[in-house]
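Enquirer: Dumping the structure here so I can ask a few things about it.
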Amino acid sequence: MSIVVCSLKWDASVLKTRKPTYDSDGYHLVRFPYGSSGESYDPWKMHDPFHGGSVASKFPDARSGLIWPSHEGWGVVSALVFWEADERAEEYRARFVRDPLNLSTGYDSTATTDIAPTRGGQYRSYMWQMFVTPGVPLGFKVSARGSRDTKVATPMTLAEFKLAIHTDVKTPD
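Each residue of the sequence shown is one higher than the last, beginning at 2 in the working numbering.
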């Protein structure tokens with residue numbers, strides 16, 4: 002079985018400000034730099050700045066948060082986010098979203114997770130599986146929430162977003 006992979010990563014040294022800005026859905030689309038950034042790996046050009054627009058995207062604009070599947074198949078998405086300690090945050094949420102910027106088929110979130118904080122920094126990993134197709138980008142969105150569901154701009158110190166596509170999905174004879 003063939004697998005194609007895109008693996009994105011950034012850490013606090015990439016951005017001077019790491020506080021998320023929230024979209025109208027109350028989540029922040031995590032953005033990733035283009036090119037090689039530490040552990041990033043993208044031989045299939047699924048995180049190419051020319052996807053999804055007539056001009057090249059520039060990190061950290063919203064399009065830099067997208068992975069565009071290069072193949073149709075069974076996609077395994079995974080993500081990792083480290084948050085600084087923030088006593089204002091009472092809940093941390095994350096979700097994977099097909100077309101988070103409404104560039105093709107429309108916003109379609111899946112695998113939304115919410116977790117209460119532990120003491121100190123928050124270190125979370127996430128995984129989900131779904132069919133993916135070229136032309137429908139994927140994004141990883143996060144939110145830290147305080148009392149009365151207010152958004153808290155808790156700084157992130159590390160983020161990763163990965164897609165592995167199993168391109169040879171077997172069907173019954």
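Note that beta-carbon positions come from the ideal geometry of N, C-alpha and C, so glycine has one too.
Since this is a predicted model, take the numbers as computed values, not measurements.
For Glu161 and Glu88, I'd like the C-alpha separation in whole angstroms.
Expert: What you label residue 161 is simply residue 160 of the sequence shown in a count that begins at 1. What you label residue 88 is simply residue 87 of the sequence shown in a count that begins at 1. For Glu161 and Glu88, the distance between alpha carbons rounds to 24 angstroms.
Enquirer: What are the uninterrupted segments assigned as beta strand (DSSP E) that are 3 or more residues long and contained completely in the region 92 to 124, given in chain order?
Expert: Listed in chain order, the complete beta strand (DSSP E) runs (minimum 3 residues) inside the region 92 to 124 are 92 to 99 and 109 to 116.
Enquirer: Per DSSP, what are the beta-bridge partners of Ser79 in this structure?
Expert: Position 78 of the sequence shown, counted from the first residue, corresponds to residue 79. In the DSSP output, where bridge partners are listed per residue, Ser79 has Met128 and Lys163.
Enquirer: Val176 to Arg146, Cα distance in whole Å?
Expert: This structure cannot speak to residue 176, because the chain is shown only from 2 to 174.
Enquirer: Could you pull out every residue in the same chain whose Cβ sits closer than 6 angstroms to the Cβ of Gly121, ignoring the five residues on either side in sequence?
Expert: One-based indexing of the sequence shown puts residue 121 at position 120. Once the five neighbours on either side are set aside, the close Cβ partners of Gly121 are Ala86.
Enquirer: Name the residue from Met131, Leu102, Gly136 and Thr158 whose alpha carbon lies nearest to the alpha carbon of Asp26.
Expert: As a working note, residue 26 is residue 25 in the sequence shown. For Asp26, the nearest C-alpha among the options comes from Leu102.
Enquirer: Is the CB-CB distance between Gly107 and Leu30 below 8 angstroms?
Expert: The residue labelled residue 107 in the question sits at position 106 within the sequence shown. The residue labelled residue 30 in the question sits at position 29 within the sequence shown. No, the pair does not count as a contact, with Cβ atoms beyond the cut-off.
Enquirer: From the DSSP output, which residues share a beta bridge with Tyr42?
Expert: Taking the first residue of the sequence shown as 1, we reach residue 42 at position 41. Answer is Ser8.
Enquirer: So what does DSSP say about Ser144, is it helix, strand or coil?
Expert: On the sequence shown, position 143 is the one that residue 144 refers to. Strand.
Enquirer: Taking three-plus beta-carbon pairs below 8 angstroms as touching, is the region 38 to 48 in contact with the region 75 to 85?
Expert: Cβ pair count under 8 angstroms is below three, so no.
Enquirer: From the DSSP secondary-structure annotation, give me the bridge partner or partners of His29.
Expert: One-based indexing of the sequence shown puts residue 29 at position 28. Partner(s): Val143.
Enquirer: Spatial neighbours of Met131 within its chain, please: C-beta separation below 6 angstroms, excluding the five flanking residues on both sides.
Expert: For the purposes of this step, residue 131 is identified with residue 130 of the sequence shown, where counting begins at 1. Excluding sequence neighbours, Met131 sits near Gly76.
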